[in-house]
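No gaps in the numbering here: position 265 of the sequence shown is 265 in the working numbering, and each next residue is one more.
Backbone N, C-alpha and C fix where the C-beta goes; we use that ideal spot for every residue, glycine too.
In this text, all values refer to a predicted model and were calculated from it rather than measured experimentally.
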Amino acid sequence: MLAYRHAFHAGNHADVLKHLVLSEVLRHLVAKDKPFTLVDTHAGAGGYTLFEGPAQKKLEFEHGIARLWGRNDLPPAVARYAELVRQFHGAEGKAWPRLGYYPGSPQIANMLLRPDDPLHVYELHTTDHRLLEETLGSRPHTRVSKADGFAALKGELPPPSKRGVVLMDPSYEIKTDYAAALSAVREGLRRFAQAVMLVWVPQVQLRESVDLPQRLKSAAHGAPRGWLHARLTVQPPDAKGFGLMGSHMVVINPPFGLHATLAESLPYLVKRLGQYDGAHHLLEQHAV
Ligand code: SAM
Numbered sequence: 001m002l003a004y005r006h007a008f009h010a011g012n013h014a015d016v017l018k019h020l021v022l023s024e025v026l027r028h029l030v031a032k033d034k035p036f037t038l039v040d041t042h043a044g045a046g047g048y049t050l051f052e053g054p055a056q057k058k059l060e061f062e063h064g065i066a067r068l069w070g071r072n073d074l075p076p077a078v079a080r081y082a083e084l085v086r087q088f089h090g091a092e093g094k095a096w097p098r099l100g101y102y103p104g105s106p107q108i109a110n111m112l113l114r115p116d117d118p119l120h121v122y123e124l125h126t127t128d129h130r131l132l133e134e135t136l137g138s139r140p141h142t143r144v145s146k147a148d149g150f151a152a153l154k155g156e157l158p159p160p161s162k163r164g165v166v167l168m169d170p171s172y173e174i175k176t177d178y179a180a181a182l183s184a185v186r187e188g189l190r191r192f193a194q195a196v197m198l199v200w201v202p203q204v205q206l207r208e209s210v211d212l213p214q215r216l217k218s219a220a221h222g223a224p225r226g227w228l229h230a231r232l233t234v235q236p237p238d239a240k241g242f243g244l245m246g247s248h249m250v251v252i253n254p255p256f257g258l259h260a261t262l263a264e265s266l267p268y269l270v271k272r273l274g275q276y277d278g279a280h281h282l283l284e285q286h287a288v
């Protein structure tokens with residue numbers, strides 16, 4: 001039985017990094033005429049309410065999207081991402097300029113994909129799966145599956161159009177998720193080396209979390225466009241050595257221009273989202 005609900009964490013610093021990268025990758029892909037498939041292996045509920053319910057418990061969004069909301073000094077890519085969040089309020093006919101809602105990865109995809117770009121999402125939690133079906137049910141070329149996204153990935157690749165993006169965003173609620181993510185990526189690349197794969201990894205003091213980014217980079221050795229690794233560290237571990245210090249995005253086969261975009265955006269995010277003097281970022285790329 002899964003306990004994790006993304007509604008408690010929606011819009012936090014990790015979502016900011018993840019959704020900035022996701023939205024920039026999708027914008028790049030839609031610039032070309034040919035359709036592509038997006039596979040979201042761990043989709044969550046789709047969209048979230050911030051002004052009441054679970055998000056109010058720990059107010060994590062206050063250290064994330066709220067620090068960017070309404071600012072006029074955002075770097076261009078961060079401004080494009082913040083505009084998506086704003087549009088999510090508008091599309092639902094909800095209050096604006098107050099920050100009250102946050103789009104998860106399926107809603108970001110829904111906003112950026114063209115109607116003929118297939119969207120295949122996986123979510124195991126019964127409630128979140130039902131919410132996802134309600135949200136995406138009417139979208140054409142969309143499949144919402146209550147199934148294990150790690151196991152399902154190999155059946156998705158290669159996509160019919162031979163253009164595909166994978167977002168792998170596990171909750172890492174169970175330690176085996178680290179190994180499962182790595183083997184799903186390896187198997188996915190074996191089937192379709194050109195897949196653009198985005199893997200989110202938490203930055204926590206756990207051996208598995210420290211090792212996974214490097215293992216993903218090694219798994220990408222046969223990927224024609226190499227890999228990119230972005231990390232945003234915003235806080236130190238707590239007194240017991242726990243806590244989410246920040247997060248990584250490892251992008252395999254990154255689109256051209258993503259490095260430059262993040263090089264401009266990450267220093268700003270460190271400045272705005274950093275919660276201590278040691279806040280910093282890392283950005284590295286290996287192009288084949
Ligand atoms: N990607 C979402 C976003 O960016 O808005 C957030 C996803 S959340 C971090 C991870 C989700 O994966 C949770 O909703 C959890 O229920 C779901 N989950 C956990 N294990 C899964 C699995 N093996 N396959 C599919 N979904 C899973």
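Residue i: CB within 6 Å of a non-hydrogen atom of ligand 1
i      : result
His28  : no
Ser306 : Outside the shown range of the chain, which is 1 to 288, sits residue 306, and nothing can be said about it.
Leu2   : yes
Ser247 : no
Glu134 : no
Tyr178 : no
His125 : yes
His286 : no
His6   : yes
Gly149 : yes
Gly44  : yes
Ser209 : no
Ser218 : no
Ser171 : yes
Asp33  : no
Asp128 : yes
Member of the options whose CA lies at the smallest distance from the CA of residue i
i      : options                        : result
Leu153 : His141, Leu167, Tyr81          : Leu167
Pro213 : Pro224, Tyr101, Thr126, Arg231 : Arg231
Val37  : Ala184, Val270, Glu156, Gly226 : Before going further, note that residue 37 is Thr rather than Val in the sequence given. Nearest of Ala184, Val270, Glu156, Gly226 to Thr37, Cα basis: Glu156.
Gly222 : Pro118, Gly241, Glu187, Ala181 : Glu187
Pro115 : Glu208, Arg67, Ser138, Arg130  : Ser138
His280 : Ala181, Gly11, His42, Gly246   : Gly246
Asp169 : Val25, Leu20, Ala43            : Ala43
Gln56  : Asp33, Gly90, Ala14, Tyr102    : Tyr102
His129 : Lys175, Ala45, Pro160          : Ala45
Residues that DSSP places opposite residue i in a beta bridge
i      : result
Thr164 : Checking the sequence, you will find Gly at residue 164 rather than Thr. DSSP lists Thr37 as partners of Gly164.
Ile252 : Met197, Trp227
Ser247 : Pro202, Leu232
Host alpha helix (DSSP H) of residue i (start-end)
i      : result
Glu134 : 126-136
Arg207 : 207-219
Pro267 : 258-273
Pro103 : Looking at the DSSP string, Pro103 is not in any alpha helix (DSSP H); the run it does join, the beta strand (DSSP E), is 101-103.
Val30  : 13-30
Leu59  : Segment: none, Leu59 is in no alpha helix (DSSP H) and carries neither H nor E.
Leu153 : 149-156
Leu283 : Where Leu283 is concerned, there is no enclosing alpha helix (DSSP H), although the beta strand (DSSP E) it sits in stretches over 280-286.
Gly70  : Counting along the chain, Gly70 falls outside any alpha helix (DSSP H), and DSSP gives it neither H nor E.
Leu189 : 176-191
Residue i: CB within 6 Å of a non-hydrogen atom of ligand 3
i      : result
Tyr122 : Judged by which ligands are present, ligand 3 is missing from the structure shown, whose ligands are ligand 1.
Where the beta strand (DSSP E) through residue i begins and ends
i      : result
Gly47  : 47-49
Arg143 : 142-145
Val121 : 119-122
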